[in-house]
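Trainee:
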Amino acid sequence: MPTKLDAERVTEALGELPGWTGDTSTIVRKVTMDDETSDEAIEKISIVANKMNHHPVVDRAHDVTTFTVWTHSHGGVTDLDIVLASRISDILRQHGIADPAR
Numbered sequence: 187m188p189t190k191l192d193a194e195r196v197t198e199a200l201g202e203l204p205g206w207t208g209d210t211s212t213i214v215r216k217v218t219m220d221d222e223t224s225d226e227a228i229e230k231i232s233i234v235a236n237k238m239n240h241h242p243v244v245d246r247a248h249d250v251t252t253f254t255v256w257t258h259s260h261g262g263v264t265d266l267d268i269v270l271a272s273r274i275s276d277i278l279r280q281h282g283i284a285d286p287a288r
């Protein structure tokens with residue numbers, strides 16, 4: 187069962203997830219990429235999310251794709267969200283989307 191994280195743990199986790207921002211309610215990453223790259227990345231992310239039975243909210247506007255993650259049943263960010271965010275970042279790197287400089 188996922189564990190809801192306190193503010194200190196979320197801040198610590200975000201320090202290890204370049205490009206992700208947020209607080210105890212949600213964590214978010216906005217990425218600029220073309221439609222084709224976005225489609226391919228989202229398809230791979232959905233496969234991973236299905237296996238985890240945990241899904242990000244994905245919003246696409248022009249060339250920006252936004253991933254928002256939180257655990258609805260726990261009312262905020264859990265350890266499961268940190269794992270999913272890390273996997274999303276891995277997939278983005280596979281598609282040539284580098285982590286932003288810290």
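Residue numbers (the numbering used here): 187 to 288.
No residue lacks a Cβ here, since even glycine has one placed at the ideal position from N, Cα and C.
Predicted, not measured: the structure shown is a model, and the values here were computed from it.
DSSP three-state call for G208: helix, strand or coil?
Mentor: Here residue 208 corresponds to residue number 22 of the sequence shown, with the count starting at 1. In this structure, G208 counts as strand in the three-state DSSP scheme.
Trainee: In terms of alpha-carbon separation, which member of L200, S211, H248, A193 lies closest to G262?
Mentor: As a position in the sequence shown, residue 262 is number 76, starting the count at 1. It is S211 whose Cα lies nearest to the Cα of G262.
Trainee: So, helix, strand or coil for D192, using DSSP?
Mentor: Counted from its first residue, the sequence shown places residue 192 at position 6. Coil, per DSSP.
Trainee: Using the Cα positions of L266 and A247, report the straight-line distance between them to the nearest angstrom.
Mentor: One-based indexing of the sequence shown puts residue 266 at position 80. One-based indexing of the sequence shown puts residue 247 at position 61. Answer to the nearest angstrom: the Cα atoms are 26 Å apart.
Trainee: Decide if V217 is buried, meaning its Cβ has at least 16 other Cβ atoms within 10 Å, or exposed.
Mentor: On the sequence shown, residue 217 is found 31 positions in, with the first residue counted as 1. Buried is the call here.
Trainee: F253: which of H260, V244, S259 sits nearest, CA to CA?
Mentor: On the sequence shown, position 67 is the one that residue 253 refers to. Checking every option, the nearest Cα to that of F253 belongs to V244.
Trainee: Would DSSP call I268 helix, strand or coil?
Mentor: Mapped onto the sequence shown, residue 268 falls at position 82. In the structure shown, I268 sits in a helix (DSSP, three-state: H, G or I).
Trainee: So which of T251, W256, T264 has the shortest CA-CA distance to D221?
Mentor: Here residue 221 refers to the residue found at position 35 when the sequence shown is read from its first residue. With distances taken between Cα atoms, D221 lies closest to T251.
Trainee: If T207 and L200 are in contact, beta carbons under 8 Å, what's the gap, nearest whole angstrom?
Mentor: Walking along the sequence shown from the start, residue 207 turns up at place 21. Walking along the sequence shown from the start, residue 200 turns up at place 14. 7 Å between Cβ atoms; contact.
Trainee: Kindly indicate the opening and closing residues of the alpha helix (DSSP H) around D221.
Mentor: Numbered from its first residue, the sequence shown carries residue 221 at position 35. Taken as a continuous stretch (DSSP letters only), the alpha helix (DSSP H) holding D221 covers 221-238.
Trainee: Which residue marks the beginning of the beta strand (DSSP E) containing A247, and which one marks its end?
Mentor: Sequence index remark: in the sequence shown, residue 247 carries index 61 (1-based). Looking at the DSSP string, the run of the beta strand (DSSP E) that includes A247 is 243-247.
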